[in-house]
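Numbering (the numbering used here), first residue to last: 2 to 206.
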């Protein structure tokens, strides 16, 4: 009887030992699974942050427009999505809306329309803008200019900028450093959206 009891105890001990081993392995597996899940989420967030940083630095630049200088093309409070690679394969064109550091204070970004191209003579008189002596057709402006300016000769690799709301725009006409160098252009504005509710292509006509 003693032998039978001893055998029974041994058997129960073995079962208990195996149960402990299985419990430990399962707990380790579960803990290991949780750790892997946490690591995977950390990697996802890290990748998202790195990707967003790279996109903002090299591809897309998002700016808010705080003034009415570009009305009615871009309204106060609109956000403009700017493509940084727009001018990798071609030069900026007249009429392009671009984002750039304000030439008199490069800590501030401006958004304006390119009006004068390198080598051109630009002048404002009698309510109109003239390029090399010829009046410029501008269907996007709100009103004729209310004061004359120029003439100015646009330097090489530089651009003369103006807002569409001509009589409410601090632009090249009034800056101490009147021109924007090409290598300072941060990108061309392609899309606008207010309050993250809708997107609309900027009308360049």
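All C-beta atoms in this analysis are idealised placements derived from N, C-alpha and C, irrespective of residue type, glycine included.
Checklist entry - In whole angstroms, what separates the C-alpha of residue 46 from that of residue 79? => result Rounded to the nearest angstrom, the two C-alpha atoms are 29 Å apart.
Item to check | For residue 90, the three-state DSSP class (helix, strand or coil) | outcome: Residue 90 falls in the coil class under three-state DSSP.
Item to check | Segments of 3+ residues assigned as beta strand (DSSP E) that fall wholly inside the segment 100-170 | outcome: Entirely contained in the segment 100-170, the beta strand (DSSP E) runs reaching 3 residues are, in chain order, 106-117, 122-126, 129-132, 150-154, 159-163.
Item to check | Inter-residue spacing [alpha-carbon to alpha-carbon] between residue 114 and residue 151 | outcome: Taking the straight line from one Cα to the other gives about 18 Å.
Next on the checklist: For residue 57, count the other beta carbons within 10 Å of its own beta carbon; 16 or more makes it buried, fewer makes it exposed. Which is it?
Outcome noted: Looking at its Cβ environment, which holds fewer than 16 other Cβ atoms inside 10 Å, residue 57 is exposed.
Item to check | Opening and closing residue of the beta strand (DSSP E) in which residue 82 lies | outcome: 80-84 is the span of the beta strand (DSSP E), which, as asked, contains residue 82.
Next on the checklist: Does the structure place the segment 99-110 close enough to the segment 130-137 that three or more beta carbon pairs sit under 8 Å?
Outcome noted: As far as the Cβ criterion goes, the segment 130-137 does not touch the segment 99-110, which means the pair count is below three.
Checklist entry - To the nearest angstrom, how far is it from the Cα of residue 178 to the Cα of residue 44? => result Roughly 46 Å separates the two Cα atoms.
Next on the checklist: Is the beta carbon of residue 85 closer than 7 Å to that of residue 60?
Outcome noted: Against a cut-off of 7 Å, the Cβ pair of residue 85 and residue 60 comes out as a contact.
Next on the checklist: I'd like the span of the beta strand (DSSP E) that includes residue 77, first residue to last.
Outcome noted: No residue range can be given for residue 77, since it is assigned to no beta strand (DSSP E) and is classified by DSSP as neither H nor E.
Checklist entry - Hey, would you say residue 87 sits closer than 7 Å to residue 188, going by beta carbons? => result At a Cβ-Cβ threshold of 7 Å, residue 87 and residue 188 count as neighbours.
Next on the checklist: Taking the straight line between their C-alpha atoms, what separation do you get for residue 158 and residue 95?
Outcome noted: The alpha-carbon separation between residue 158 and residue 95 amounts to approximately 13 Å.
Next on the checklist: Rounded to whole angstroms, what is the Cα-Cα separation between residue 183 and residue 91?
Outcome noted: In a straight line, the C-alpha of residue 183 is about 12 Å away from that of residue 91.
Item to check | Cutoff 6 Å; reference residue 83; Cβ partners in own chain excluding five residues on either side | outcome: Closer than 6 Å at the Cβ level, and outside the excluded window around residue 83, lie 62, 100, 188, 190.
Next on the checklist: Given a cut-off of 7 Å on the beta-carbon distance, is the pair residue 166 and residue 147 in contact?
Outcome noted: Cβ atoms of residue 166 and residue 147: not closer than 7 Å.
Next on the checklist: What would DSSP say about residue 65, mapped onto helix, strand or coil?
Outcome noted: Here DSSP, grouped into helix, strand and coil, assigns residue 65 to strand.
Checklist entry - Given residue 2, which residues of its chain have a CB within under 7 Å of its CB, disregarding the five upstream and five downstream residues? => result Residue placement at residue 2 is flagged as unreliable, the pLDDT there being 48, under the threshold of 50; a coordinate-derived value is accordingly withheld.
Item to check | C-alpha distance - residue 174 paired with residue 122, whole-angstrom precision | outcome: Our two residues, residue 174 and residue 122, have alpha carbons roughly 13 Å apart in a direct line.
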